[in-house]
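Worksheet for the structure shown next.
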Amino acid sequence: MTVRVVSYNILVPIYADRREIYSRYRSEFLKADYRWNLIRSQLEQEVHRHENTIICLQELSLTLLPALGLVFRQWNYTLFHHLYGGRHNDCMGIGIAIPTSMKRNSLSIMRIGDFIHSISKPREKQVNLLTSECDMQEQQHDKPDPWESAMARINALICIQVTISNKSIYIGTYHMPCLYKEPGMMLIHSAIVKDLMFHLTGGQDFILAGDFNFDPTDICYKALTEKNYDGYQIPGSSTYEISYRHNAE
Numbered sequence: 001m002t003v004r005v006v007s008y009n010i011l012v013p014i015y016a017d018r019r020e021i022y023s024r025y026r027s028e029f030l031k032a033d034y035r036w037n038l039i040r041s042q043l044e045q046e047v048h049r050h051e052n053t054i055i056c057l058q059e060l061s062l063t064l065l066p067a068l069g070l071v072f073r074q075w076n077y078t079l080f081h082h083l084y085g086g087r088h089n090d091c092m093g094i095g096i097a098i099p100t101s102m103k104r105n106s107l108s109i110m111r112i113g114d115f116i117h118s119i120s121k122p123r124e125k126q127v128n129l130l131t132s133e134c135d136m137q138e139q140q141h142d143k144p145d146p147w148e149s150a151m152a153r154i155n156a157l158i159c160i161q162v163t164i165s166n167k168s169i170y171i172g173t174y175h176m177p178c179l180y181k182e183p184g185m186m187l188i189h190s191a192i193v194k195d196l197m198f199h200l201t202g203g204q205d206f207i208l209a210g211d212f213n214f215d216p217t218d219i220c221y222k223a224l225t226e227k228n229y230d231g232y233q234i235p236g237s238s239t240y241e242i243s244y245r246h247n248a249e
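For the sequence shown, the UniProt record's numbering gives the first residue as 1, with consecutive numbering after it.
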């Protein structure tokens, strides 16, 4: 028996209803009620037209979560989710929906920033009494530490293990922070998400789906998808001692 995995970023309503960005569209097409009907119709097709479909979702929201939970129950699905955002993005989060006919063996939800915090130790500050005020001002204008930025992000990884026809498989989903101006931070998250999936699955088969906010030409994509890829170097930290070495496999 085969399993089918699909992934959708359904865009939180508070981001969709932005006339200044989506000026080409009629305003009624941006409203949550109109978009919800389209989202529900698309997901229903995935459920009814294909057997053993697992659905990964990004940009879940407090607004649409109750309706999603209801329709998934009607379709004999169970939705596992984690909302990690705040008021500014309607508590944005991620989820994985699986058919109730599938046996769930395990479920893990990990915030990448929390994991980074667990492997980080602040460096001891070296006090130099001769440091001038000018030097101190220059230090304040340094580029942000990529590890500090990566640690501050609250994006989470969901990993679920299911059994189908006596065969076990892991499914993970993740939504990468959309911070194109901080490629080092995105590279750190890419490497750690990949390594965490290998750790959580114990080397067993897995599928990782989501919205990663990069394309196949980016180093982040290669770091995440290619085996034994070593064409990149994880950036260092001037603020923390990091107990981490990425897995190239």
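Just so it is clear, CB atoms sit at the ideal spot from N, CA and C, and this is done for glycine as well. As the structure is a computational prediction, the values presented were derived from the model and not from experiment.
Proximity to Arg73 across Tyr174, Asn89 and Glu44 peaks at Glu44, based on C-alpha coordinates. Considered as a whole, the stretch 184-243 harbours 206-211 and 240-242 as its complete beta strand (DSSP E) runs of no fewer than 3 residues, in chain order. At the C-beta level, Tyr170 and Ile207 come within 9 Å of one another. Judged by DSSP in its simplified three-state form, Met110 adopts strand. Under the 8 Å Cβ criterion, the stretch 92-112 counts as touching the stretch 154-174, having at least three qualifying pairs. In the pairwise beta carbon analysis, the stretch 4-14 is classified as touching the stretch 53-67: at least three pairs are separated by under 8 Å.
Of the candidates Ile39, Gly85, Arg111 and Thr78, the residue whose Cα lies closest to the Cα of Pro99 is Thr78. As computed with DSSP, Ile171 is found in a beta bridge with Ile160 and Ile207. The closest CA to that of Phe212, considering only Val71, Tyr8 and Pro235, is found on Tyr8. In the DSSP annotation of this structure, the continuous segment of the beta strand (DSSP E) that includes His81 starts and ends at Tyr77 to Leu83. With contacts defined as CB atoms closer than 9 Å, Ile94 and Ala156 qualify as a contacting pair.
In the three-state scheme derived from DSSP, where H, G and I count as helix and E and B as strand, Glu51 is classed as coil. Three or more Cβ pairs drawn from the stretch 229-247 and the stretch 117-124 lie within less than 8 Å of each other, which places the two stretches in contact. Here the alpha carbons of Ala191 and Arg87 stand approximately 29 Å from one another.
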